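The listed protein sequences correspond, in order, to chains V and R. Under the working numbering, residues 257 to 629 are what the first sequence spells out, in order. Under the working numbering, residues 257 to 629 are what the second sequence spells out, in order. Cβ atoms here follow ideal geometry from the backbone N, Cα and C, with glycine treated the same way. Computed from a predicted model, the values in this text were never measured in an experiment.
Protein chains: 2
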Amino acid sequence: MNFEFTIGGTDGGARAGRLASAHGVVETPVFMPVGTQASVKAMTADSVRATGATIVLANTYHLMLRPGAERVAALGGLHRFMDWPGPILTDSGGFQVMSLSGLRTLDAEGVTFRSHLDGARHRLTPERAMDIQRLLDATITMQLDECPRFGVSETDAEASMALSAAWAARSRGAFHPRPGYGLFGIVQGSVFPALRERSSRTLVDLGFDGYAIGGLAVGEGQETMFSVLDHSVRFLPEDRPRYLMGVGTPGDLLGGIARGIDMFDCVMPTRAGRTARAFTSEGVRNLRNARYAEDARPLDPTCDCPACTRHARAYLHHLFRAGEMLGPMLLTWHNLRYYRQLMARMREAILAGRFAEDAGSVRAGWLAAKEGQ
Amino acid sequence: MNFEFTIGGTDGGARAGRLASAHGVVETPVFMPVGTQASVKAMTADSVRATGATIVLANTYHLMLRPGAERVAALGGLHRFMDWPGPILTDSGGFQVMSLSGLRTLDAEGVTFRSHLDGARHRLTPERAMDIQRLLDATITMQLDECPRFGVSETDAEASMALSAAWAARSRGAFHPRPGYGLFGIVQGSVFPALRERSSRTLVDLGFDGYAIGGLAVGEGQETMFSVLDHSVRFLPEDRPRYLMGVGTPGDLLGGIARGIDMFDCVMPTRAGRTARAFTSEGVRNLRNARYAEDARPLDPTCDCPACTRHARAYLHHLFRAGEMLGPMLLTWHNLRYYRQLMARMREAILAGRFAEDAGSVRAGWLAAKEGQ
Numbered sequence: 257m258n259f260e261f262t263i264g265g266t267d268g269g270a271r272a273g274r275l276a277s278a279h280g281v282v283e284t285p286v287f288m289p290v291g292t293q294a295s296v297k298a299m300t301a302d303s304v305r306a307t308g309a310t311i312v313l314a315n316t317y318h319l320m321l322r323p324g325a326e327r328v329a330a331l332g333g334l335h336r337f338m339d340w341p342g343p344i345l346t347d348s349g350g351f352q353v354m355s356l357s358g359l360r361t362l363d364a365e366g367v368t369f370r371s372h373l374d375g376a377r378h379r380l381t382p383e384r385a386m387d388i389q390r391l392l393d394a395t396i397t398m399q400l401d402e403c404p405r406f407g408v409s410e411t412d413a414e415a416s417m418a419l420s421a422a423w424a425a426r427s428r429g430a431f432h433p434r435p436g437y438g439l440f441g442i443v444q445g446s447v448f449p450a451l452r453e454r455s456s457r458t459l460v461d462l463g464f465d466g467y468a469i470g471g472l473a474v475g476e477g478q479e480t481m482f483s484v485l486d487h488s489v490r491f492l493p494e495d496r497p498r499y500l501m502g503v504g505t506p507g508d509l510l511g512g513i514a515r516g517i518d519m520f521d522c523v524m525p526t527r528a529g530r531t532a533r534a535f536t537s538e539g540v541r542n543l544r545n546a547r548y549a550e551d552a553r554p555l556d557p558t559c560d561c562p563a564c565t566r567h568a569r570a571y572l573h574h575l576f577r578a579g580e581m582l583g584p585m586l587l588t589w590h591n592l593r594y595y596r597q598l599m600a601r602m603r604e605a606i607l608a609g610r611f612a613e614d615a616g617s618v619r620a621g622w623l624a625a626k627e628g629q
Numbered sequence: 257m258n259f260e261f262t263i264g265g266t267d268g269g270a271r272a273g274r275l276a277s278a279h280g281v282v283e284t285p286v287f288m289p290v291g292t293q294a295s296v297k298a299m300t301a302d303s304v305r306a307t308g309a310t311i312v313l314a315n316t317y318h319l320m321l322r323p324g325a326e327r328v329a330a331l332g333g334l335h336r337f338m339d340w341p342g343p344i345l346t347d348s349g350g351f352q353v354m355s356l357s358g359l360r361t362l363d364a365e366g367v368t369f370r371s372h373l374d375g376a377r378h379r380l381t382p383e384r385a386m387d388i389q390r391l392l393d394a395t396i397t398m399q400l401d402e403c404p405r406f407g408v409s410e411t412d413a414e415a416s417m418a419l420s421a422a423w424a425a426r427s428r429g430a431f432h433p434r435p436g437y438g439l440f441g442i443v444q445g446s447v448f449p450a451l452r453e454r455s456s457r458t459l460v461d462l463g464f465d466g467y468a469i470g471g472l473a474v475g476e477g478q479e480t481m482f483s484v485l486d487h488s489v490r491f492l493p494e495d496r497p498r499y500l501m502g503v504g505t506p507g508d509l510l511g512g513i514a515r516g517i518d519m520f521d522c523v524m525p526t527r528a529g530r531t532a533r534a535f536t537s538e539g540v541r542n543l544r545n546a547r548y549a550e551d552a553r554p555l556d557p558t559c560d561c562p563a564c565t566r567h568a569r570a571y572l573h574h575l576f577r578a579g580e581m582l583g584p585m586l587l588t589w590h591n592l593r594y595y596r597q598l599m600a601r602m603r604e605a606i607l608a609g610r611f612a613e614d615a616g617s618v619r620a621g622w623l624a625a626k627e628g629q
């Protein structure tokens with residue numbers, strides 16, 4: 257099967273697509289659960305599948321350090337390792353080298369850093385990033401990029417963007433094409449429209465199987481993020497998938513879809529689930545709140561996940577108060593199911609030409625819980 | 257449905273039985289997974305069912321403190337609360353009052369103690385223990401007993417046994433009979449054969465739906481435990497289920513079955529699973545051990561659980577090294593499945609008249625892993 261993206265319908269800027277790959281088909285818009293260390297936290301692979309997820313993300317930085325890319329390859333690759341035969345997208349490791357590792361030294365060739373686990377010295381170059389992701393057997397490989405902090409000056413952002421563009425070209429050259437596998441470039445340029453445009457154009461000239469928007473959701477706020485998105489997406493080809501990295505809340509996803517984004521990933525639903533926060537059709541609920549101690553109602557009456565169909569809010573509250581692992585397990589499951597159902601509903605709405613109405617009605621529902629979204 | 261125990265077959269002292277109850281049928285010998293706080297740790301109710309478990313245990317002491325028996329009752333009882341429509345056995349709270357609570361004062365009427373959670377003062381009497389277990393809607397209620405420490409003198413053990421016997425009578429009087437619900441008495445008497453005999457005879461005279469052997473697996477060692485078992489079981493009626501409380505390792509279970517025990521419970525498989533220890537047909541394996549880092553083989557080739565059929569030992573090793581919750585989740589699942597399959601195999605062996613041979617062959621297998629059993 258070739259790596260192929262087809263658009264089944266559009267509604268305004270929003271697109272309903274279909275991504276075919278060596279490991280299966282992904283309907284878009286899609287949210288990808290994050291399996292940082294080859295495990296979606298608090299979920300078995302079967303329970304991830306039960307949420308309806310069709311593609312997951314894994315982190316190159318974490319996996320190159322532990323258990324190591326060569327070891328994963330020797331064990332048959334990431335799909336077999338984590339029991340996920342479906343598509344897997346791996347990031348390039350660049351973002352986490354910047355945010356997690358110690359004593360990093362950036363040069364034109366790559367980045368040298370110390371592991372946050374044991375202080376051991378490692379080096380990541382565009383070529384090594386391609387090599388690692390090939391060893392992991394990623395369905396979708398991301399170019400190595402450099403992600404500047406929010407608040408960077410335009411001059412520094414330009415230099416950083418230029419470095420990412422140079423690494424995009426080298427990633428492109430080092431990527432080993434295989435049928436059904438894809439390589440994505442990453443648009444950078446911080447919050448500066450001119451830089452975003454240049455970054456997009458450069459990547460499109462190189463030619464990638466898909467395009468990611470990087471460097472957002474790093475503190476700039478939703479309004480700025482949406483405005484930067486507008487300045488990035490318009491320069492990207494219609495016939496390639498677009499992926500907004502590390503985003504976001506359900507509201508961010510609706511805004512991203514409206515602006516032509518097809519793919520999203522974020523730790524938000526899984527991390528929130530571990531800290532008792534549930535995304536629901538009535539907004540965010542914090543299950544540790546004493547108001548739920550005797551609440552016999554389902555968490556979200558519109559949801560079909562085990563947390564909602566089998567238990568009362570009072571039970572979920574009890575699990576978090578008692579420190580039971582099942583609390584994070586059930587709420588992670590629920591949040592991933594909620595994200596999945598939101599994406600499925602938006603896809604249907606796009607195909608039916610009522611995206612704006614449906615997104616509006618979803619947003620209106622979020623106000624009901626009154627715990628804020 | 258009446259609370260009814262029938263013996264389908266025996267082999268030496270070992271029995272294959274069938275316990276019918278208001279919440280379903282339990283084939284024996286049976287191991288009951290422990291759901292201390294209305295949750296079998298690291299497992300959903302569905303995954304507990306998937307291991308083949310037919311009955312679970314919950315702890316009165318923990319649940320009376322949090323969320324509270326009245327609250328569980330208001331929410332429809334424990335079965336609905338924890339999504340376990342099947343049989344549930346609750347202990348009486350006595351053991352944990354002794355082991356967990358602060359500043360306890362024992363008198364002839366009951367025990368006053370401070371909660372280990374918030375220091376609040378509580379009182380447990382035989383009558384209140386019956387009341388709490390009725391509010392929880394326990395299928396099998398345990399009498400309130402007093403469990404002396406290992407090493408107690410015979411004089412003190414006798415006094416404690418006499419107190420437990422008096423509480424047995426009061427528990428019997430306070431228990432509200434309902435069709436399909438049962439009340440068990442608890443044999444005490446520490447390691448003293450004469451006391452065990454007197455305790456057993458007293459309980460049998462009172463008449464219970466089943467008989468538990470308490471006060472064992474508290475440090476006396478397996479040989480002493482088996483010897484005490486011999487001195488307790490012989491005085492119990494053939495036609496009632498016998499339950500060895502808080503036991504044990506797979507080896508303890510085989511020894512208990514040989515001595516006529518029908519029911520067991522223990523935190524061992526779940527607690528071990530959370531600390532990377534797996535019970536397998538080849539003995540105990542500690543998955544944190546570096547020897548598993550590149551081991552592509554299944555944890556236990558004879559097991560059909562997700563940990564064994566979907567993953568390599570190297571993946572389980574990785575999960576524990578990386579601190580992923582999925583490690584405890586998968587290993588708990590495996591251990592409960594192992595315990596369940598061991599019980600099912602022994603039941604079959606008893607019915608086929610080859611219990612000793614099959615138990616011997618299981619024991620022989622445990623030597624293979626060479627990490628010790």
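Just checking, does the stretch 501-509 of chain V make contact with the stretch 541-554 of chain V on the three C-beta pairs under 8 Å criterion? Result no; under three Cβ-Cβ pairs closer than 8 Å.
Report the residue from R:G441, R:C522 and R:R322 whose alpha carbon sits nearest the alpha carbon of R:S488. Measuring from the Cα of R:S488, the nearest candidate turns out to be R:G441.
Segment contact flag, the stretch 338-354 of chain R with the stretch 399-416 of chain R, C-beta cutoff 8 Å, min 3 pairs: Yes: the two stretches touch, three or more of their Cβ pairs being nearer than 8 Å.
Reduced DSSP category for R:D560 - H, G, I as helix; E, B as strand; rest coil: coil
Quick check: the stretch 317-327 of chain V against the stretch 596-612 of chain V, are there 3 or more CB pairs under 8 Å? no
Report the three-state DSSP secondary structure of R:D521 (helix, strand or coil). strand
Which residues of chain R have a Cβ atom closer than 7 Å to the Cβ of V:Q352, listed in chain order? Within chain R, no residue comes near V:Q352; the closest Cβ sits about 14 Å away, beyond 7 Å.
So, at 6 Å on beta carbons, what are the nonlocal neighbours of R:A298 in its own chain, with the 5 sequence-adjacent residues on each side left out? P584, M585 and T588
In whole angstroms, what is the alpha-carbon distance linking R:Q629 and R:R619? Model confidence at R:Q629 stands at a pLDDT of 36, short of 50, so the residue's coordinates are unreliable; what they give is reported in the following sentence. Roughly 9 Å separates the two Cα atoms.
Three-state secondary structure assigned by DSSP to R:A473: coil
C-alpha distance - R:Q389 paired with R:A468, whole-angstrom precision: 17 Å
Write down every uninterrupted run of the beta strand (DSSP E) in the stretch 341-419 of chain V whose length is 3 residues or greater and which is fully enclosed by it, in chain order. 344-346, 358-362, 367-370, 377-380 and 396-398
What does R:E550 touch in chain V if you count any residue whose Cβ is under 9 Å from its own? P323, R327, A330 and L331
What residues are listed by DSSP as bridge partners for V:R498? V:Y467
Taking a contact to mean a Cβ-Cβ separation below 7 Å, would you say R:L500 touches R:F520 in this structure? Between R:L500 and R:F520, the C-beta gap is smaller than 7 Å, which places the two residues in contact.
Which class does V:I263 belong to by DSSP, given the choice of helix, strand or coil? Per DSSP, reduced to three states, the secondary structure at V:I263 is strand.
Environment of V:H573 [buried if 16+ CB atoms lie within 10 Å]: So V:H573 ends up on the buried side.
Kindly list the residues whose CB is nearer than 7 Å to the CB of V:E260, restricted to its own chain and excluding five residues on each side of it in sequence; keep chain order. Excluding sequence neighbours, V:E260 sits near A276.
Cα-Cα separation between R:G436 and R:T395, rounded to whole angstroms: 7 Å
Rounded to whole angstroms, what is the Cα-Cα separation between R:L649 and V:T526? The first residue shown for chain R is 257 and the last is 629, placing residue 649 of chain R beyond what the model contains.
Measure the alpha-carbon distance for R:G470 versus R:A385 and round it to whole angstroms. 17 Å
Alpha carbon to alpha carbon, how far is R:A473 from R:V484? 11 Å
Expected contact under 8 Å - CB spacing of R:V424 and R:F448 to nearest Å: Sequence inspection shows Ala at residue 424 of chain R; the Val mentioned does not correspond to that position. The pair is not a contact, with the Cβ atoms about 18 Å apart (cut-off 8 Å).
Compare the beta carbon distance of V:R428 and V:L459 with 7 Å and say whether it is the shorter of the two. no
From which residue to which residue does the alpha helix (DSSP H) around R:G583 run? L582 to L607
Taking R:F440 as part of the beta strand (DSSP E), name the residues at either end of that continuous run. G438 to V443
R:A272 by DSSP, collapsed to three states: which one? Three-state DSSP puts R:A272 in a strand.
Does the Cβ of V:N258 have 16 or more other Cβ atoms within 10 Å, making it buried, or fewer, making it exposed? exposed
Does any residue of chain R bring its CB to less than 7 Å from the CB of V:S357? no
Is it true that the CB of R:M599 sits closer than 7 Å to the CB of R:V296? no
Considering only DSSP beta bridges, list what R:E283 is partnered with. R:R274
Would you call the CB atoms of R:G269 and R:G516 closer than 7 Å? yes
Buried versus exposed, by CB contacts within 10 Å (16 or more), V:H279: buried
Going by DSSP, name the residue or residues bridged to V:L313. V:V290 and V:L345
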